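Number of protein chains: 2
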Amino acid sequence: MPTKKDPLSGIENPLALDQQVCFGLAVAARSVIALYRPLLEPMGLTHPQYLVMLALWEEEPLRVSELSRKVQLDPGTLSPLLKRLEAQGYIRRERNKLDERSLAVVLTERGRALRDDAEKIPPAIVERLDMSVDELMELHRRLLEVIAAATR
Amino acid sequence: MPTKKDPLSGIENPLALDQQVCFGLAVAARSVIALYRPLLEPMGLTHPQYLVMLALWEEEPLRVSELSRKVQLDPGTLSPLLKRLEAQGYIRRERNKLDERSLAVVLTERGRALRDDAEKIPPAIVERLDMSVDELMELHRRLLEVIAAATR
DNA sequence: GGCAAACTGTTTGTGCACCAACTATTGGTA
DNA sequence: TACCAATAGTTGGTGCACAAACAGTTTGCC
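So the protein lines, in turn, are chains A and B. Under the UniProt record's numbering, the first residue of the first sequence carries the number 1, and numbering increases by one thereafter. Under the UniProt record's numbering, the first residue of the second sequence carries the number 1, and numbering increases by one thereafter.
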């Protein structure tokens, strides 16, 4: 009877900190996001707030539940985040007349205008990382694979 | 005079949410770490606490500053985290007699014993992800590259 | 029409993550 | 010796991230 082969059998210490993929992911995410901080701070945005703005610059209005699916943050995280964006004057939150449960998030003029500043960010990050766009796209492809694997 | 070519010139919308590497990193890190939660929860550990334990299972004692460098968390994050690990009975924090400023973190017997449970985690994660170890190692290699790029 | 279930977003509690300010100790130096 | 700067860790404040409990609204169904 064929038994499943241990996939980690060739590895000397499976608990070695510096070869944990989860550790690499956590550090990489924090390191890259840290590069955004000085660019976002003058705009008054945190990185998750920036992701929400990206979603809204693509499509608007969005309900909280749609935003939640798009930026992959749960409603409990988004709720106070959206209030802060509203306090900044970048968005408005308005109840739907037809369904008082749902909340439509729309950009203000100020929020729409912010996109011009944001356009400088991706090239600045790529330049700062000093990696080829091909390499970044390859990394991105592999990240999508692991996301798919983790969430199925 | 040769001008530097815009590396993003071939991309249709540089602000598209779903092609931001930072977004992929954030989602991938959260998705993968989420897989650890049900495995760590019975051990009474969060993921960052697990990383600290991995570091200590490799080497002990470690000062807070050494731990900070190893797990890449700042002392302000580690300080309360270590207190929680101590409250759980997995570690002890003891002041160095020769230098009262520094704090030596050591494992308790309970903390050392926890390693046996932890050994089940890496194979469980790899099986759950259902990705080849080669593919995971290739991802890890690329993560180290982007960490190096972001932190230099 | 009335009610139970489903749905939408909010609130609360715990624990990071980061930053800036702080305390205590140590080491060098005038 | 007295002081000053550097070092080690702690504290407090803001903002995620996640889970569970919650409140209000809508829908389906009798």
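For glycine and all other residues, C-beta sits at the position ideal for the given N, C-alpha and C. All of these numbers come straight from a predicted model, not from anything done at the bench.
**Prompt:** When you compare only the Cα positions, how much space is there between B:Thr108 and B:Tyr90?
**Reply:** Distance between the alpha carbons of B:Thr108 and B:Tyr90 is about 5 Å.
**Request:** For my contact list, B:Leu51 and B:Val71 are in at a C-beta cut-off of 8 Å; report their separation, rounded to the angstrom.
**Result:** Contact holds; Cβ gap of about 5 Å.
**Asked** Do you know offhand how far A:Ala87's Cα is from A:Leu114's?
**Response** So the two alpha carbons sit approximately 15 Å from each other.
**Residue range of the unbroken beta strand (DSSP E) whose run includes A:Ile91** = It spans Ile91 to Arg95 - the beta strand (DSSP E) in which A:Ile91 sits, taken as one unbroken run.
**Request:** Please report how far the alpha carbon of B:Arg30 lies from the alpha carbon of A:Asn96, in whole angstroms.
**Result:** Each residue's Cα considered, the two are about 32 Å apart.
**Proximal residues to B:Val64 (C-beta, below 8 Å), its chain only, five neighbours per side dropped** = Same-chain partners within the cutoff: Pro75, Leu78, Ser79, Leu82, Ser102, Leu103 and Val105.
**Prompt:** When DSSP labels each residue in this structure, what does A:Ala104 get in the three-state scheme?
**Reply:** When secondary structure is reduced to three states using DSSP, A:Ala104 falls in the strand class.
**Neighbourhood of A:Gly44 by C-beta, 6 Å cutoff - its chain only, sequence neighbours within 5 removed** = Result list for A:Gly44: Gln88, in chain order.
**Message:** Distance check for A:Ile121 and B:Ile11, CA to CA, integer angstroms please.
**Reply:** Taking the straight line joining both Cα atoms gives about 14 Å.
**Item:** Continuous beta strand (DSSP E) assignments of at least 3 residues falling wholly in the UniProt domain "HTH marR-type" (18-145) of chain A
**Value:** As far as the UniProt domain "HTH marR-type" (18-145) of chain A is concerned, its whole beta strand (DSSP E) runs of at least 3 residues are 91-95 and 103-107.
**Prompt:** Apart from the five residues just before and just after A:Leu40, which ones in its own chain have a Cβ nearer than 7 Å to its Cβ?
**Reply:** For A:Leu40, where only same-chain residues beyond five positions count, the Cβ hits under 7 Å are Thr46, His47 and Tyr50.
**Request:** Run down chain A in chain order and give the residues with a C-beta less than 7 Å from the C-beta of B:Ser31.
**Result:** Contact of B:Ser31 with chain A by beta-carbon distance below 7 Å involves Ile147, Ala150 and Thr151.
**Item:** Rounded C-alpha distance that separates A:Pro61 from A:Asp117
**Value:** If you take the alpha carbons of A:Pro61 and A:Asp117, they lie about 21 Å apart.
**Request:** Give the residues of chain B in contact with A:Leu51, contact being defined as C-beta atoms less than 7 Å apart.
**Result:** Near A:Leu51 (Cβ distances below 7 Å), the residues of chain B are Leu17 and Phe23.
**Request:** For A:Ile147, name the three-state secondary structure that DSSP assigns.
**Result:** DSSP places A:Ile147 in helix when its eight states are reduced to three.
**Message:** When you compare the CB positions of A:Leu35 and B:Ala150, do they come within less than 7 Å of one another, or not?
**Reply:** Yes; because the gap between Cβ atoms is below 7 Å, this pair is in contact.
**Closest residue to B:Met131 among A:Val146, A:Arg37 and A:Pro42 (Cα-Cα distance)** = Comparing Cα positions, the closest option is A:Val146.
**Asked** Quick one: which chain B residues come within Cβ less than 8 Å of A:Val106?
**Response** Under the 8 Å cutoff, chain B gives no residues; its nearest Cβ is about 17 Å from A:Val106.
**Request:** Determine the closest residue to B:Leu8 out of A:Ala148, A:Met137 and A:Arg152, with distance taken between C-alpha atoms.
**Result:** For B:Leu8, the closest alpha carbon among the candidates A:Ala148, A:Met137 and A:Arg152 is that of A:Met137.
**Request:** Select from the stretch 111-133 of chain A all residues with a C-beta closer than 9 Å to any C-beta belonging to chain B, and list them in chain order.
**Result:** Correct list: Arg115, Ala118, Glu119, Ile121, Pro122, Pro123, Ile125, Val126, Glu127, Arg128, Leu129, Asp130, Met131, Ser132 and Val133.
**Message:** Please classify B:Arg142 as buried or exposed, where buried requires at least 16 other C-beta atoms within 10 Å of its C-beta.
**Reply:** That one is buried.
**Request:** Sort B:Ile33, B:Asp134, B:Leu139 and B:Leu85 by Cα distance to B:Arg110 and report the nearest one.
**Result:** Closest option to B:Arg110, Cα to Cα, is B:Leu85.
**Message:** Whole angstroms are fine: how far does the CA of A:Val133 sit from the CA of A:Ala124?
**Reply:** The alpha-carbon atoms of A:Ala124 and A:Val133 are separated by roughly 13 Å.
**Any chain B beta carbon closer than 7 Å to A:Val64** = Among the CB atoms of chain B, none fall inside 7 Å of the CB of A:Val64.
**Prompt:** Excluding sequence positions up to five away, which residues of its chain have a Cβ less than 7 Å from the Cβ of B:Arg37?
**Reply:** Within the same chain, B:Arg37 has no close Cβ partners at all.
**Message:** Run through chain B and tell me which residues come within less than 9 Å of A:Tyr36, C-beta to C-beta.
**Reply:** Contact annotation for A:Tyr36 against chain B: Cys22 [CB-CB distance below 9 Å, chain order].
**Message:** Please tell me whether A:Leu139 has its Cβ less than 7 Å away from any Cβ of chain B.
**Reply:** Cβ-Cβ to chain B under 7 Å: yes for A:Leu139.
**Message:** Below 8 Å on the Cβ atoms is my contact criterion, and I expect A:Leu25 with B:Ala148 to pass it. Report the Cβ-Cβ distance as a whole number of Å.
**Reply:** Rounded, the Cβ-Cβ distance is 15 Å, inconsistent with contact.
**Spatial neighbours of A:Ser68 in its chain, beta-carbon cut-off 8 Å, leaving aside the 5 residues before and after** = Scanning its chain for C-beta atoms nearer than 8 Å, with the 5 sequence neighbours on each side dropped, one finds around A:Ser68 the residues Asp74, Pro75 and Leu78, in chain order.
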